Amino acid sequence: MKKSTLKSIKGLSVATLVVGGLTFVVICCEMINAIRGKNLIPLTWNPDIKGWQIFIFLSRFVFSAVLFIQCCIFLFRTNRGLANGEIFPKSNISLIRRAALVATLFAFADCNYGAALNGLSEFKLDSGTLLAPLVILLFAGLYKMAYLAAEDSKLAI
Numbered sequence: 000m001k002k003s004t005l006k007s008i009k010g011l012s013v014a015t016l017v018v019g020g021l022t023f024v025v026i027c028c029e030m031i032n033a034i035r036g037k038n039l040i041p042l043t044w045n046p047d048i049k050g051w052q053i054f055i056f057l058s059r060f061v062f063s064a065v066l067f068i069q070c071c072i073f074l075f076r077t078n079r080g081l082a083n084g085e086i087f088p089k090s091n092i093s094l095i096r097r098a099a100l101v102a103t104l105f106a107f108a109d110c111n112y113g114a115a116l117n118g119l120s121e122f123k124l125d126s127g128t129l130l131a132p133l134v135i136l137l138f139a140g141l142y143k144m145a146y147l148a149a150e151d152s153k154l155a156i
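Anchor point for the sequence shown: position 123 equals 122 in numbering that gives the first Met the number 0, and the numbering is continuous, going up by one each time.
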């Protein structure tokens, strides 16, 4: 592989980590400001659904953190694999599949964050909550096919 290609992959990896990290920081700041009452829309605790509200807030935080960690692991494995001459590390296939599950849970919590913030006793399930994880699962399948093609080309040489 060319040095310029490796350099581009490393640059994109760093950019991905920066964007992912900033997204996680924004989510944390939103939650802290909502709890402290310094958000544009102040947090309204509803005693009837307080458990649901806490669940949504914690889920949004935890699943965004897990997604960021999975992104870091994916990029680490990819760059380590490239250094060892492996274009598509097999271990990333299961990681991408797990990321689809985590993305589903995060999307559900994120979709319901506004209602929980306002103390509304409703929950939403929009198309993005189901569509984004489906796209990630399709990407996992594509990644697996690329891995198998790379393995086949190693055997042919």
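Just so you know, even glycine gets a beta-carbon here, dropped at the ideal spot from N, CA and C.
Keep in mind that this is a model prediction, so the values were computed, not measured.
Take residue 72, set aside five residues on each side of it, and the residues of its chain with a beta-carbon closer than 8 Å to its own are 94, in chain order.
Counting the other Cβ atoms within 10 Å of the Cβ of residue 74 gives 16 or more, which makes it buried. Sequence-distant Cβ neighbours of residue 108 in its own chain, meaning closer than 7 Å and more than five residues away, are 55, 58, 59 and 62.
Of the other Cβ atoms in all chains shown, fewer than 16 fall within 10 Å of the Cβ of residue 144; this residue is therefore exposed. Secondary structure at residue 45: coil, using DSSP grouped into helix, strand and coil. The three-state reading of DSSP puts residue 0 in coil, since its state is none of H, G, I, E or B. A check of alpha carbon separations from residue 105 across 80, 147, 125 and 7 identifies 125 as the nearest. Between the stretch 38-54 and the stretch 125-137, the count of Cβ pairs shorter than 8 Å is below three; the stretches do not touch.
In this structure, residue 40 sits away from residue 119, with a CB-CB distance that is not shorter than 7 Å. Annotation for residue 113: the continuous alpha helix (DSSP H) segment containing it runs 112-116.
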